[in-house]
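Scroll down for the structure; my scribbles are underneath it.
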């Protein structure tokens, strides 16, 4: 893949030297699991499952399980390739330096082979067992995260998480496509919801780990533009996110169960975003509104997607 037009993906980005603390020890199965970013996987798999269930289309349990397995493996592959490419950055940040690569528990080649193999298997299985549309969207989601976000955007622009957020928005589309073989308005709105949710969610985190990103040279918005601008952007992105979250109800795509839950939880999200926007705290350890918003934002998606499934089956 390396050429004059594409970055050499077998080398560290921007000439950075990947630390080699010691000769990599034989990796354990736990290290391969850690490569897949299991915490992130939980939300990815849940939104994919909800997208499939919300379609309300009968699907054989084996095929349904296979589709969710493929989403899980594909997301895990993206996480592994992300850690392979960013081993140098992870070594510089407190919250990531104990990952398998920077900690010396695994060599980069093993991580690369694991990620590529997992990605290839997940797409192939999805295409053969489920349908080609779901496999195609899964392929786009993996390579969008790896090539667009990880390789191209993250080290170059503070808008990295805005554009790159699309990668995490695909699972609901994939789940719906796996069940129906098509894409409709509701899953597109779910995609837009996660896409618009990602900046306030991630910027809330980056506000209180700004030092980590600055030490690694990652141009996250708080590092480049400062705390005030970032807090304002958190609030600004909450506005279209809120509209998108509630939109399925007035559009007649969901019933009152989802609509009421979406209105209530979105109001809480918006109130927290306002608290972040008006905060003037500069001590990262004391940034309570930012920490609360980040934690609540995860619960927010779980609740909205869960309410969607309940609504689609019982409303």
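In the numbering used here, the protein residues as written are -6 to 308.
Yeah, the Cβ is synthetic: ideal placement off N, Cα and C, and Gly gets one too.
{"Item": "Tell me where the alpha helix (DSSP H) around residue 24 begins and ends.", "Value": "22 to 28"}
{"Item": "Which class does residue 277 belong to by DSSP, given the choice of helix, strand or coil?", "Value": "helix"}
{"Item": "For a test of the three-state rule: what should DSSP assign to residue 61, helix, strand or coil?", "Value": "helix"}
{"Item": "Just to confirm my understanding: we take residue 139, look at its own chain, exclude 5 residues before and 5 after, and list those with CB closer than 7 Å. What are they?", "Value": "71, 74 and 75"}
{"Item": "Does the separation of the CB atoms of residue 248 and residue 205 fall below 9 Å?", "Value": "no"}
{"Item": "Residues in the same chain with beta-carbon distance under 7 Å from residue 111, minus the five sequence neighbours each way, listed in chain order, please.", "Value": "66, 69, 70 and 73"}
{"Item": "Going by beta carbon distance, what residues of the same chain come within less than 6 Å of residue 246, once the five residues before and after it are set aside?", "Value": "179"}
{"Item": "Pick from 98, 45 and 35: whose alpha carbon is nearest that of residue 22?", "Value": "98"}
{"Item": "Let's test the definition: count the other Cβ atoms within 10 Å of the Cβ of residue 307 and tell me whether it reaches 16, buried, or not, exposed.", "Value": "exposed"}
{"Item": "Using beta-carbon positions only, say whether residue 137 and residue 159 come within less than 9 Å of one another.", "Value": "yes"}
{"Item": "Considering just the uninterrupted stretch of the alpha helix (DSSP H) at residue 313, what are its terminal residues?", "Value": "Given a span of -6 to 308 for the chain in the structure shown, any question on residue 313 remains unanswerable."}
{"Item": "Which whole-angstrom value is the C-beta distance of residue 197 and residue 269, which I expect to be below 8 Å?", "Value": "6 Å"}
{"Item": "The alpha helix (DSSP H) that contains residue 234, what's its start and end?", "Value": "220 to 239"}
{"Item": "In this structure, does DSSP put residue 285 in helix, strand or coil?", "Value": "helix"}
{"Item": "In or out: residue 58 buried (at least 16 other Cβ within 10 Å) or exposed?", "Value": "exposed"}
{"Item": "Give the straight-line distance between the Cα atoms of residue 26 and residue 108, rounded to the nearest whole angstrom.", "Value": "11 Å"}
{"Item": "Can you tell me where the alpha helix (DSSP H) with residue 332 in it begins and where it stops?", "Value": "Residue 332 cannot be examined here, being either before or after the span of the chain that is shown, -6 to 308."}
{"Item": "In angstroms, rounded to a whole number, what distance separates the CA positions of residue 216 and residue 133?", "Value": "30 Å"}
{"Item": "Using DSSP with H/G/I as helix, E/B as strand and the rest coil, what is residue 119?", "Value": "helix"}
{"Item": "Going residue by residue through the segment 62 to 114, where are the continuous alpha helix (DSSP H) segments of at least 4 residues, counting only ones entirely within it?", "Value": "80 to 85"}
{"Item": "Would you mind stating whether residue 266 and residue 297 have Cβ atoms separated by less than 9 Å?", "Value": "no"}
{"Item": "Can you have a look at residue 168 and say buried or exposed, based on whether 16 or more other CB atoms are within 10 angstroms of its CB?", "Value": "buried"}
{"Item": "Taking Cβ to Cβ, would you say residue 185 is nearer than 9 Å to residue 43?", "Value": "no"}
{"Item": "With the cut-off set at 9 Å, would you say residue 251 and residue 300 are in Cβ contact?", "Value": "yes"}
{"Item": "Taking C-beta to C-beta, are residue 116 and residue 60 nearer than 9 Å?", "Value": "no"}
{"Item": "Indicate the three-state DSSP secondary structure (helix, strand or coil) for residue 246 in the structure shown.", "Value": "coil"}
{"Item": "Please state whether DSSP places residue 272 in a helix, a strand or coil.", "Value": "coil"}
{"Item": "Do residue 37 and residue 161 have their beta-carbon atoms positioned less than 9 Å apart in this structure?", "Value": "yes"}
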